[in-house]
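Asks: There's a structure below that I have some questions on.
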Amino acid sequence: MATRVRKAIFPVGGLGTRFLPATKAMPKEMLPIVDRPLIQYAVDEAREAGIEEFIFVTGRGKAAIEDHFDHSFELEQTLEARGKSDELAALRAWLPKPGQIAYVRQQEPMGLGHAVWCARHLIGDEPFAVLLADDLILADTPCLKQMMTVFDDQGGNVVAAMEVPHEHTSRYGIIETGGAEGEVHAVKGLVEKPAPDDAPSNLAVVGRYILMPEVFGELERQDIGAGGEIQLTDAMARLIGRQPFHGQVFEGQRFDCGDKLGFLEANFAFALEREDLGPALRQVLAAYGV
Ligand code: G1P
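In structure tokens form, the structure reads like this:
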């Protein structure tokens, strides 16, 4: 079995109802943070972590994502005709190579666990990553790359972890920790979206996972969990004790781009980081008294 993580799953079947009407005719993953769609940040992060195969679990109305990762002949011709060779080279260099991208359709929104399970035949018998584009992480070293270091050291399953306010535990998968070495927790238990009173900690799983293929066997049971959905958290929980399982408190700032305020904050944070926009945006903000 391959021990390197070569493949990543991007579940992009969600409806994006929180961003209506913007997402009526456009996938929420195509909403831009500054000038890049959310999904592109996730793909770039995966690529920087060494991922070579990108598997999208899509649904109806997601064709714009496929187009985004394809040639746009009209656009390329126009750029060429106008002598915009730098822009053209940048567009082409960034495109995934033929065969590096695959799409599988989740016919019904039955939960994150079900979405991941839909990609089982494309993963086969090797460890793989899952990235949720809604969770955007600004970090010096991309979050998934940080996790690869833990995977190389420890093997088994690794999830990204972050402390959240105690009253927010019902929004996340929550980790029961079996003790930590530095930023790396041994995971003793996992529970999906517990009420604050039932939560084993305030250490939440955010949308980056390195998983062993045995998780598919657990997803196969199609057990219904929190919110009436097939939960990835429940399947992962059943691997604990059988395989190494770690939660890594990553370096970086996470933005919940599935939420309007988080999405706006991400736009400011990413723009402020940029040399071409940061100084001018600071002036704009100052004019608003920020
Ligand atoms: C999903 C997972 C949850 C995780 C969260 C991170 O929930 O089910 O365990 O903590 O992503 O963003 P969702 O946000 O899709 O409801």
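FYI, my numbering numbers position 271 of the sequence shown as 257, with every residue one higher than the one before it.
Note that beta-carbon positions come from the ideal geometry of N, C-alpha and C, so glycine has one too.
Note that the structure is a prediction, hence the values are computed from the model and not measured.
What is the rounded straight-line gap between the Cα of D120 and the Cα of L24?
Replies: Along the sequence shown, read from residue 1 onward, the residue named residue 120 stands at position 134. Along the sequence shown, read from residue 1 onward, the residue named residue 24 stands at position 38. In a straight line, the C-alpha of D120 is about 7 Å away from that of L24.
Asks: Just list the beta strand (DSSP E) runs in the region 171 to 246, keeping only unbroken ones of 3 residues or longer that don't cross its boundaries, in chain order.
Replies: Entirely contained in the region 171 to 246, the beta strand (DSSP E) runs reaching 3 residues are, in chain order, 189 to 197, 231 to 235, 239 to 242.
Asks: Assign K10 to one of three DSSP states: helix, strand, or coil.
Replies: Counting from 1 along the sequence shown, the entry for residue 10 is found at position 24. Here K10 sits in coil by DSSP.
Asks: Going by the beta-carbon positions, is the gap between A147 and L130 smaller than 7 Å?
Replies: Walking along the sequence shown from the start, residue 147 turns up at place 161. Walking along the sequence shown from the start, residue 130 turns up at place 144. For A147 and L130, no; Cβs fall outside 7 Å.
Asks: Specify, as a first and last residue, the run of the alpha helix (DSSP H) that G99 falls within.
Replies: Here residue 99 refers to the residue found at position 113 of the sequence shown. Its alpha helix (DSSP H) spans residues 98 to 103.
Asks: If you scan the region 81 to 131 from start to end, which runs of the beta strand (DSSP E) of 3 or more residues do you find wholly inside it?
Replies: Listed in chain order, they are 87 to 91, 114 to 117, 121 to 124.
Asks: Using the Cβ count rule (16 or more neighbours within 10 Å means buried), how would you classify V136?
Replies: Numbered from 1 along the sequence shown, position 150 holds the residue referred to as residue 136. By the 10 Å Cβ count, V136 comes out buried.
Asks: Tell me whether G(-1), by its Cβ, gets closer than 6 Å to a heavy atom of ligand 1.
Replies: As a first step, residue -1 is located in the sequence shown; it is residue number 13 there, counting from the start. No, the beta carbon of G(-1) sits no closer than 6 Å to any heavy atom of ligand 1.
Asks: What's the gap between the Cα of D184 and the Cα of R228?
Replies: Position 198 of the sequence shown, counted from the start, is the residue given in the question as residue 184. Position 242 of the sequence shown, counted from the start, is the residue given in the question as residue 228. Distance between the alpha carbons of D184 and R228: 25 Å.
Asks: Hey, out of R224, E204, E200, whose CA is closest to L176's CA?
Replies: Within the sequence shown, residue 176 is the residue found at index 190, counting from 1. The residue with the shortest Cα to Cα distance from L176 is R224.
Asks: Taking C-alpha atoms, which residue in I37, K70, I216 lies nearest to K(-7)?
Replies: The residue you call residue -7 lines up with position 7 of the sequence shown. Per the Cα distances, I37.
Asks: Can you find the residues in the same chain that come closer than 6 Å, C-beta to C-beta, to E73, ignoring five residues on each side of it along the sequence?
Replies: Taking the sequence shown and counting its residues from 1, the one referred to as residue 73 is at position 87. Within the same chain, E73 has close Cβ partners L65.
Asks: Quick one: Cα of D126 to Cα of Y27, how far?
Replies: Taking the first residue of the sequence shown as position 1, residue 126 is located at position 140. Taking the first residue of the sequence shown as position 1, residue 27 is located at position 41. Their backbone Cα atoms lie some 14 Å apart in a straight line.
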